[in-house]
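Enquirer: Can you keep this structure in mind? I'll have questions shortly.
Residue numbers (the numbering used here): 628 to 1005.
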């Protein structure tokens, strides 16, 4: 009896209760908005409820996994992920113009989702091994580890996932001690590029102009961002309709399940990438601020866990996973409100989808694991 009590105590102490409370609020809010977004397709609501349960148990299992074991899994997890990405490049299944899936016979997987977790784990493990003696060469090796999966995902093409993977990996490298001075040329180049694009939009967005590094549909997304009205019924339709939905919500919103843009089917992909438009239309500015505060609490808790971690591996991994949440939210809400181009990034805990929800569940489990073992030397 005493042994059973100890096992139960160990299971329940795996949770970080402040983080769990935030996730419970996200679950309630996410399912509430999903119920309104699906309309008559009730099967999606049932599926999303199941996805939350699967993500919860995955989070629980990972939270019980000690960081030393996570460190041992980092290298093989990364190698398997990269090998599967190569498999997608060679034998992947194509759907809607993108080759992102790999059929293993008994199931079909999207390996790029693995790299959102595997890459920061790998880089955190690498810098843990070189703790106290990090040199320029180590940053170059880390950069190579980052670039390989990034370009394999870009080739699919899946720019949204590639940006998330790159962002999570880059955060590990930056937190490991990369000098900000080295980033100044990159920032200047980006500023010059954006300025040139805005200034010469009309010339650069002509159909016969090849952007070389981007596919035509990606070029169209950027050009549509600059001027959605240039193709209001085509490439600009998503952005225009989502902006109308967000703006029509006003201060207080139209009320739960009373969003006209949503229920008259004007918002494309309203259960996935554009679910924030559904939420903003029904709950207004005050509701939008509330969800941003909730995401802020999630990010603050993750950074707190990162600062309290006693190992390099724990600090880097927790910091990168937390910043991954920030990138998710920033990119998704940015594209819904017309600030960023549409790149297909879901909103954490809100958008429909089992794979993305499982990914953020595993990430939260790792944060809980790092917090629980913060006094243990790894």
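Virtual Cβ for every residue (Gly too), placed ideally from N, Cα, C. Since the structure is predicted, the reported quantities are computational estimates derived from the model, not experimental observations.
Quick one: residues in its chain with C-beta nearer than 8 Å to the C-beta of residue 996, no 5 flanking neighbours on either side, listed in chain order?
Expert: As a first step, residue 996 must be located in the chain shown, where it is residue number 369. So the list reads 641, 689, 690, 691, 692, 693, 694, 697, once near-sequence residues are dropped.
Enquirer: Quick one: Cα of residue 646 to Cα of residue 754, how far?
Expert: Here the question's residue 646 lines up with position 19 in the chain shown. Here the question's residue 754 lines up with position 127 in the chain shown. Those two C-alpha atoms are separated by around 27 Å.
Enquirer: Compute the distance between the beta-carbons of residue 927 and residue 946, then report whether it is under 8 Å.
Expert: As a first step, residue 927 must be located in the chain shown, where it is residue number 300. As a first step, residue 946 must be located in the chain shown, where it is residue number 319. Cβ atoms of residue 927 and residue 946: not closer than 8 Å.
Enquirer: Use the C-beta contact count for residue 796: other C-beta atoms within 10 angstroms, 16 or more gives buried, fewer gives exposed.
Expert: In the chain shown, counting from the first residue as 1, residue 796 sits at position 169. So residue 796 counts as buried.
Enquirer: What's the C-alpha gap between residue 616 and residue 907?
Expert: Because the chain in this structure spans residues 628 to 1005, residue 616 falls outside the shown range and cannot be described.
Enquirer: Assuming residue 660 and residue 950 form a contact by the criterion Cβ under 8 Å, report the distance between their Cβ atoms to the nearest whole angstrom.
Expert: For this step, residue 660 is matched to residue 33 along the chain shown. For this step, residue 950 is matched to residue 323 along the chain shown. So it is not a contact: roughly 25 Å between Cβ atoms.
Enquirer: Just to confirm the assignment, what range does the beta strand (DSSP E) spanning residue 725 have?
Expert: On the chain shown, position 98 is the one that residue 725 refers to. Annotation for residue 725: the continuous beta strand (DSSP E) segment containing it runs 725 to 730.
Enquirer: Following the continuous alpha helix (DSSP H) through residue 966, name the residue where it begins and the one where it ends.
Expert: The residue labelled residue 966 in the question sits at position 339 within the chain shown. No alpha helix (DSSP H) holds residue 966; DSSP gives it neither H nor E.
Enquirer: What did DSSP end up calling residue 896 once you bin it into helix, strand or coil?
Expert: For the purposes of this step, residue 896 is taken as the residue at position 269 of the chain shown. Reduced to three states, the DSSP call for residue 896 is coil.
Enquirer: Could you check how far apart the C-beta atoms of residue 912 and residue 878 are, in whole angstroms? I think they sit under 8 Å.
Expert: Here residue 912 corresponds to residue number 285 of the chain shown, with the count starting at 1. Here residue 878 corresponds to residue number 251 of the chain shown, with the count starting at 1. Indeed, because the Cβ distance is near 5 Å, the residues count as touching under 8 Å.
Enquirer: So, is residue 727 buried or exposed, given that buried needs 16 or more other C-beta atoms within 10 angstroms?
Expert: The sequence position of residue 727 within the chain shown is 100, counting from 1. When all chains shown are included, residue 727 counts as buried.
Enquirer: Rounded to a whole number of angstroms, what is the C-alpha to C-alpha distance between residue 999 and residue 888?
Expert: Locating residue 999 in the chain shown gives position 372, counting from the first residue. Locating residue 888 in the chain shown gives position 261, counting from the first residue. Straight-line Cα distance between these residues: approximately 45 Å.
Enquirer: Measuring alpha carbon to alpha carbon, tell me which of 974, 939, 959 ends up nearest residue 759.
Expert: Against the chain shown, residue 759 aligns to sequence position 132. With distances taken between Cα atoms, residue 759 lies closest to 939.
Enquirer: Spell out the partners DSSP gives residue 800 in its beta bridges.
Expert: Position 173 of the chain shown holds residue 800. Paired residues: none, contrary to the question.
Enquirer: Mind reading off the beta-carbon distance from residue 968 to residue 987? Whole number of angstroms is fine, and I expect it under 8 Å.
Expert: Here residue 968 is taken as the residue at index 341 of the chain shown, counted from 1. Here residue 987 is taken as the residue at index 360 of the chain shown, counted from 1. Rounded, the Cβ-Cβ distance is 23 Å, inconsistent with contact.
Enquirer: Quick check: the Cα distance between residue 720 and residue 937, rounded to an integer number of angstroms?
Expert: Start at 1 with the first residue of the chain shown, and residue 720 comes out as number 93. Start at 1 with the first residue of the chain shown, and residue 937 comes out as number 310. It is roughly 43 Å from the alpha-carbon of residue 720 to the alpha-carbon of residue 937.
Enquirer: Return helix, strand or coil for residue 866, following the three-state DSSP convention.
Expert: As a first step, residue 866 must be located in the chain shown, where it is residue number 239. Looking at residue 866 - three-state DSSP - the assignment turns out to be helix.
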